[in-house]
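What follows is one structure encoded as structure tokens, with my remarks underneath.
There are 2 protein chains.
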Amino acid sequence: MRTAMNCWLRAADYYRQAEFFLGAADPRRLVTFTKMERASHSFLAHLSPPGEVLEIPYEGASLYAYFVSAGTSTERQPCLISMGGLDSIKDEMWFMQARGALQRGISVLMIDGPGQGGTLRRHGIVTRPDYEVPIGRCVDYLMSRRDVDPSRIAVCGSSLGGYYAARAASREPRLAACVSHGAIWSIHEFWKNADERHGLAGHIKWVFGVKTMADAIERFKAFTLDGVLQDMRCPYLILHGGHDVLGMSQATRVYEYANAHGLDVTLRFVTPEETGAEHCQHDNPTIGQELIGDWLADVFGIDQRAVLARMQSR
Amino acid sequence: MRTAMNCWLRAADYYRQAEFFLGAADPRRLVTFTKMERASHSFLAHLSPPGEVLEIPYEGASLYAYFVSAGTSTERQPCLISMGGLDSIKDEMWFMQARGALQRGISVLMIDGPGQGGTLRRHGIVTRPDYEVPIGRCVDYLMSRRDVDPSRIAVCGSSLGGYYAARAASREPRLAACVSHGAIWSIHEFWKNADERHGLAGHIKWVFGVKTMADAIERFKAFTLDGVLQDMRCPYLILHGGHDVLGMSQATRVYEYANAHGLDVTLRFVTPEETGAEHCQHDNPTIGQELIGDWLADVFGIDQRAVLARMQSR
């Protein structure tokens, strides 16, 4: 069974790598994506308790999601809404955020938000600046569960999801903690000079629902934390690679603005010496999950010693 | 806590890498080894149930060992005696054999036998051909525990330990299963032309307790399965890299001899296509542990589904 779980998780990762490099219009893309999800589902089915495959109602369609509980009863647990960015998906959140949270007693809801994963591929739902709307639907869903503590729901987004998470937590008061796993101050500022030759141009146009990069750049303008972030009331962690291929200045901008507006904000650059200094700790995902999970556990007052005693620790 | 465990395990590995390249007579070697063990101990202390740090009585001295139970009560569990080879040690068995066994409901006793780890470094106890003697002391110890099933004790050795395990299981009738994780038919045949320029000459002389490689080659003669292996009565797995830097012929020799003498033997070469084809699956240790753990679970009639339901599965 363990071997089967390992194989399913590995298979999901292999299918994902194959899917990632297909064009948006390639008919093989959704087929491969679906095979990837099926492998994920088989992995999730063997967790204890089993992971749940969900569709969360959203504007007449749905957000594809997985819920994995950190508990074994209906006892209320804290929960992390976990998402990627421009081109990362719910299934990858296992490697980037979810496993580390679960190990620390935090349930996880891994989602494909607007512009992401199955939600983009099957429903054609593109991204939007006001990410508090889809995250609000996720909070609605979590509030309906008897095994989630409604006062301890957090959100974390990686890469471009660092913007999504911060935006959502600035406008959605039911969120009790926020992590930008890679911070973005302004997409427009970051990509205003990108053109059709940009390596991600095809994916950007797909995610933003536009035909040209010129149109995309126009759309980018609404994706900024300027005039928004000051409304965040919950503790906020910015976790950013100290050697991030995308640079450190966006993270610094977010931190300084948050600080100037009196937010409870923590900036953590991961140094090359400790490894995990690349974008979203892709060079050492374990360290990224440790930093996120430990920070959340502290904010939520979790006794990690008790969690460890409750769980097997292998 | 989880982060601390990860860090201790990582620290143990880092100290081990530092220790490995020091000469046998270097005064820093034992100091670094001891730091490595302390990091291991801190890791083990936080497992549930905690791993135990042991010294198993052996000829007026002791074999250094760790016991980690797969159960949470005094219920009797099957147990694997887990060891390395020429230059691998008990602490590394976590990555090579032990974690995979534990995940499948098999307790583990990771040992530094004669010629290995702390047993060599502190007591100066060198290797011996009749490895059933030290393994016999380990079986004595396990028989005294109320949480070990005396009818389901297995032995596994990696690399040169593939010889140790096969020799022990041929002469120690209380062993119920045997794994050569990398098979050796005859050390003499393998290394009879090695001289002082051999990359492992220093380590070989230390382990065999001799001053010259010529003396070592004389010692090698006793380390053969010829005339011994036919006495093995338990199921026997030979797991060997299909692209092993040490070749496949020793494994084939062991298998053919075992087969010719009517042993219940299984030969499994790991192919380059499935990864894990290198020596002892060093290129994919997960696959090595899966193959060993699944085989043992089958031999011992373990219901892996029930084990998974009992344990958290992260």
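Those sequence lines, one after another, are chains X and R. One point on numbering: in our numbering, the residue at position 133 of the first sequence is 133, and numbering is uninterrupted. The number in our numbering is simply the position in the second sequence, starting from 1, with 1000 added. Where is the CB? At the ideal position from N, CA and C, for every residue including glycine. Note that the coordinates shown come from a computational prediction; the quantities given were computed from them, not determined experimentally.
- Under the Cβ distance rule, X/S69 does not count among the residues neighbouring chain R, no pair being separated by less than 7 Å.
- Scanning chain R for C-beta atoms nearer than 8 Å to the C-beta of X/G293 yields R1002, T1003, reported in chain order.
- If you check the CB distance, X/L237 and X/W295 come in under 7 Å.
- It is roughly 17 Å from the alpha-carbon of R/M1143 to the alpha-carbon of R/S1062.
- Annotation for R/Y1058: P1134, R1137 place their beta carbon closer than 7 Å to its own, counting only its chain and skipping 5 residues before and after.
- Just so you know, the alpha carbons of X/L229 and X/L47 end up roughly 37 Å apart.
- Chain-ordered listing is empty here: chain R has no CB closer than 9 Å to the CB of X/E189, the nearest sitting near 34 Å.
- Excluding its 5 nearest sequence neighbours in each direction, X/W8 has C-beta neighbours in its own chain below 6 Å: A39, S42, F43, listed in chain order.
- Judged by beta-carbon spacing, X/I153 lies within the 7 Å limit of X/A176, meaning their Cβ atoms are closer than that value.
- Think of a sphere of 8 Å around the beta carbon of R/N1006: the chain X residues whose beta carbon falls inside it are T286, E290, in chain order.
- For R/R1171, no chain X residue has a C-beta closer than 9 Å to its own C-beta; the minimum C-beta separation is roughly 32 Å.
- Within the DSSP secondary-structure output, X/S107 pairs in a beta bridge with X/C79.
- Nearest in C-alpha terms to R/G1157, of all of R/T1003, R/A1018, R/I1292, is R/I1292.
- For X/T119, the secondary structure class from DSSP, reduced to helix, strand or coil, is helix.
- Shown here, R/F1020 sits in a helix according to DSSP, grouped into three states.
- Residue environment: R/E1132 is assigned as buried (16 or more neighbouring CB atoms within 10 Å of its CB, all protein chains considered).
- Counting along the chain, R/G1161 sits inside the alpha helix (DSSP H) bounded by residues 1161-1171.
- Contact note: R/A1309 reaches chain X through S48, using a C-beta cutoff of 8 Å and chain order.
- Contacts between X/R305 and chain R, judged by CB atoms closer than 8 Å, involve M1001 in chain order.
- Around the CB of X/Q17, fewer than 16 other CB atoms lie within 10 Å, so the residue is classed as exposed.
- In this structure, DSSP gives R/S1042 a helical state, which the three-state scheme calls helix.
- In terms of Cβ geometry, X/G242 and X/T286 do not form a close pair [threshold 7 Å].
- Between the region 1200-1216 of chain R and the region 1145-1152 of chain R there are fewer than three inter-stretch CB-CB distances shorter than 8 Å, so the stretches are not counted as touching.
- Note on geometry: alpha-carbon atoms of R/E1273 and R/H1181 lie some 19 Å from one another.
- R/F1269 carries a strand assignment under DSSP once its states are collapsed to helix, strand and coil.
- When C-beta atoms of the region 190-200 of chain X are compared with those of the region 258-267 of chain X, fewer than three pairs fall below 8 Å, so the two segments do not count as touching.
- For R/H1203, there is no enclosing beta strand (DSSP E); the enclosing alpha helix (DSSP H) covers residues 1201-1208.
- Around the CB of R/G1227, fewer than 16 other CB atoms lie within 10 Å, so the residue is classed as exposed.
- Note that the C-beta distance between X/L160 and X/L86 is below 7 Å.
- R/Q1097 and R/I1081 have their C-alpha atoms roughly 10 Å apart.
- Taking every protein chain shown into account, the CB of X/E75 has fewer than 16 other CB atoms within 10 angstroms, so this residue is exposed.
- At the C-beta level, R/R1122 and X/R104 stay beyond 7 Å of one another.
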